[in-house]
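Have a look at the structure below before the remarks.
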Amino acid sequence: MTRAETELIQMTQERRENAKTRTPWRHRKKGQYKLTNIQKAQRKIANLDRKETLNQMLQDARDRVMEIAGEMQKRFPRHNDKYYFRLIMQDSRLHAKSRNPSRWNAFLSQEMERRNAGVTDGRKNVSEEARSQEIAAVWRSMTKDEQIAATEERMQLIADRRSARQRKIPTAPIQIFHDTRATTQNIENELRALNARTGRNALLVMTSPHATDYGQPYVFHTSQRIVDFLMLTMRSTLPEFAMKMEGYILSGVQGLRQSYRETIILLKREASRIINDKLREVSGGATYFRAMGEDEWREWRCKRRGLDVPSVGDNALESGPEPSDLSPSEIEPPSTSPTPVTSASSDARPSESTASTPGRTPTSSTSLTESPDPSTPDVSGAGMLATSLASAPPALSSPPLSLPVPIDAVPFATSTTSGAMHTRFVSVNVVTGSDGQPLAVVSRQRKTRSDKGKRKRKPAAEDASTSTTAAELNSRKKSKAKAA
Numbered sequence: 002m003t004r005a006e007t008e009l010i011q012m013t014q015e016r017r018e019n020a021k022t023r024t025p026w027r028h029r030k031k032g033q034y035k036l037t038n039i040q041k042a043q044r045k046i047a048n049l050d051r052k053e054t055l056n057q058m059l060q061d062a063r064d065r066v067m068e069i070a071g072e073m074q075k076r077f078p079r080h081n082d083k084y085y086f087r088l089i090m091q092d093s094r095l096h097a098k099s100r101n102p103s104r105w106n107a108f109l110s111q112e113m114e115r116r117n118a119g120v121t122d123g124r125k126n127v128s129e130e131a132r133s134q135e136i137a138a139v140w141r142s143m144t145k146d147e148q149i150a151a152t153e154e155r156m157q158l159i160a161d162r163r164s165a166r167q168r169k170i171p172t173a174p175i176q177i178f179h180d181t182r183a184t185t186q187n188i189e190n191e192l193r194a195l196n197a198r199t200g201r202n203a204l205l206v207m208t209s210p211h212a213t214d215y216g217q218p219y220v221f222h223t224s225q226r227i228v229d230f231l232m233l234t235m236r237s238t239l240p241e242f243a244m245k246m247e248g249y250i251l252s253g254v255q256g257l258r259q260s261y262r263e264t265i266i267l268l269k270r271e272a273s274r275i276i277n278d279k280l281r282e283v284s285g286g287a288t289y290f291r292a293m294g295e296d297e298w299r300e301w302r303c304k305r306r307g308l309d310v311p312s313v314g315d316n317a318l319e320s321g322p323e324p325s326d327l328s329p330s331e332i333e334p335p336s337t338s339p340t341p342v343t344s345a346s347s348d349a350r351p352s353e354s355t356a357s358t359p360g361r362t363p364t365s366s367t368s369l370t371e372s373p374d375p376s377t378p379d380v381s382g383a384g385m386l387a388t389s390l391a392s393a394p395p396a397l398s399s400p401p402l403s404l405p406v407p408i409d410a411v412p413f414a415t416s417t418t419s420g421a422m423h424t425r426f427v428s429v430n431v432v433t434g435s436d437g438q439p440l441a442v443v444s445r446q447r448k449t450r451s452d453k454g455k456r457k458r459k460p461a462a463e464d465a466s467t468s469t470t471a472a473e474l475n476s477r478k479k480s481k482a483k484a485a
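For what it's worth, the numbering used here labels the leading residue of the sequence shown as 2, then goes sequentially.
Set out below in structure tokens:
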């Protein structure tokens, strides 16, 4: 072992013996310096002395300001010295929190109202100065719970009166105008004072909710940068911005998108809806008629002809002609007196259809005096009814009868072509108004090209083979066309 190695080993051992225990450089808990009780008492005394000195200096400064306010009041005697003191100190007169009503004041007003209730007319009411000491003695003799129970209803009444006084709606337009003017002036003064104290910028825009209100839009700003900002962003001045805002508040979105014509159409539609509702209420709904039965039909037919109503098994009715074989003169005798106009199907049987299918012969198509001829073909009910109408024309006073149309005579719906269907059901991809007419949407004009209207130059030299091939193709096409 050399000398150098021996010295190195000795130095290492000495370092190990003299080394300290390592601690982490980052601690989770901050180190605290604990004071003794004597040190805490000394600091408390020093803080009290500092606070008393500061308050004394502030009071001296306020006294000096009050002296200056008194000098201003002597020069301008319109206001008192407190008013000028508030102007110098720039104190805010607005309360951040509302003060709750006092229970003593509520009890005093309640007792004075009770004592003055028994005063007759012609005598003076009892004043608070004369009875306040007696009422105060009663108040002090009451416990806390008794005071709360005695003034609970009065406190609620005072709170309701305060809220009603703050949120009541004026009835006269002049009251609305003066209330708005005074409140706006107070807010403007407070904003000016706030801007002078803290440098805060404010923008105030006040508009009317009704077109009948008196007064123009009110605008207030504390900095010129607000005006510049509106000019850059809105492209309008403050008065123009206030007018646009008031117009939007009065009319809303409908005032921006509805024209005069659309407004008239909406009013007409609303008027028609109201008329239909009123007519529906007066009419009481639609009237429905049911089909008559066999017995009801026989009774109705006999009453129309002036006959007695027979029984159900009467042979006369069973062997008689059917209503479809009766002529109009037999159903109702002609008369010269005017009769009310009824529907065309009033003399026809409601429960049976007068139209018959081809090839079907009615069972009672012949009368009692005629016998059916086997050589003659069957005749439909529609043809016989037409023959009876032609032989016996109706009277002038009888209502016009309409011929029943056979089933074969009813034209079937013709099939429409696909082109007609396509032209009928076409979806319109435009924006329309309430009347169905399209709204003209102004599209943004696109920038014109710089080379618009200029002819393009052809290349200086073209390939000879390409031009020759094109000429040959053109000549071949012309020859084929002539041959064809």
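Built from N, CA and C at the ideal position, the CB exists for glycine as well.
Computed from a predicted model, the values in this text were never measured in an experiment.
Start and end residues, alpha helix (DSSP H) containing residue i
i	result
F108	104-117
Y84	82-90
F77	From DSSP, F77 is part of no alpha helix (DSSP H); its letter is neither H nor E.
H222	H222 -> not in any alpha helix (DSSP H); beta strand (DSSP E) instead, spanning 219-222.
T199	174-199
I276	261-284
R447	Counting along the chain, R447 falls outside any alpha helix (DSSP H), and DSSP gives it neither H nor E.
L308	First-last for L308: undefined, no H or E at that position.
I490	Outside the displayed span of the chain (2 to 485) sits residue 490, for which this structure offers no information.
K245	239-252
S229	Note on identity: in this sequence residue 229 is Asp, with Ser being the wrong assignment. It spans 225-234 - the alpha helix (DSSP H) in which D229 sits, taken as one unbroken run.
T7	4-19
From the options, residue whose alpha carbon lies closest to that of residue i
i	options	result
F108	Q43, Y84, E147, A212	E147
R104	A151, S476, Q74	A151
G216	R198, S252, Q176	Q176
V66	R291, K83, L195, P78	K83
M113	R458, E135, P102	E135
D180	G200, A138, E282, D214	D214
A292	W301, S284, N117	W301
L204	T54, P240, T172, K45	P240
L88	R299, I69, E473	I69
S252	A212, K269, I276	A212
A137	N106, L9, A47, Q74	N106
Contact under 8 Å by Cβ, residue i with residue j
i	j	result
A99	R155	Here residue 99 is Ser; the residue named in the question, Ala, does not match the sequence. Result no, Cβ atoms of S99 and R155 do not sit closer than 8 Å.
P210	I250	yes
A165	P102	no
R132	R115	no
Q91	R198	yes
I227	N187	no
D296	C303	no
Range of the contiguous beta strand (DSSP E) that encloses residue i
i	result
L36	Element bounds for L36: n/a, residue is neither H nor E.
L205	204-207
Environment of residue i [buried if 16+ CB atoms lie within 10 Å]
i	result
Q14	exposed
A183	exposed
L404	Bear in mind that a pLDDT of 46 at L404, under 50, signals an unreliable position, so the model cannot answer this.
T208	buried
Y85	buried
A242	As written in the sequence, residue 242 is Phe, which differs from the Ala given in the question. Classification for F242: buried.
R299	buried
A465	Unreliable placement is indicated for A465, whose pLDDT of 48 sits below 50; the coordinate value is still reported in the next sentence. With fewer than 16 Cβ atoms within 10 Å of its Cβ, A465 is classed as exposed.
N316	Reliability fails at N316, whose pLDDT of 47 lies under 50, so the model's placement of it is uncertain and the value that follows must be treated cautiously. So N316 counts as exposed.
Neighbour flag for residue i against chain D, beta carbons, 8 Å
i	result
K483	Absent from the structure is chain D; it holds one protein chain and no more.
Exercise. Taking one C-beta from the region 241-250 and one from the region 259-276 each time, how about it: are there three or more such pairs within less than 8 Å?
Worked result: no
Exercise. Are the region 221-238 and the region 191-208 touching, with three or more C-beta to C-beta distances below 8 Å?
Worked result: yes
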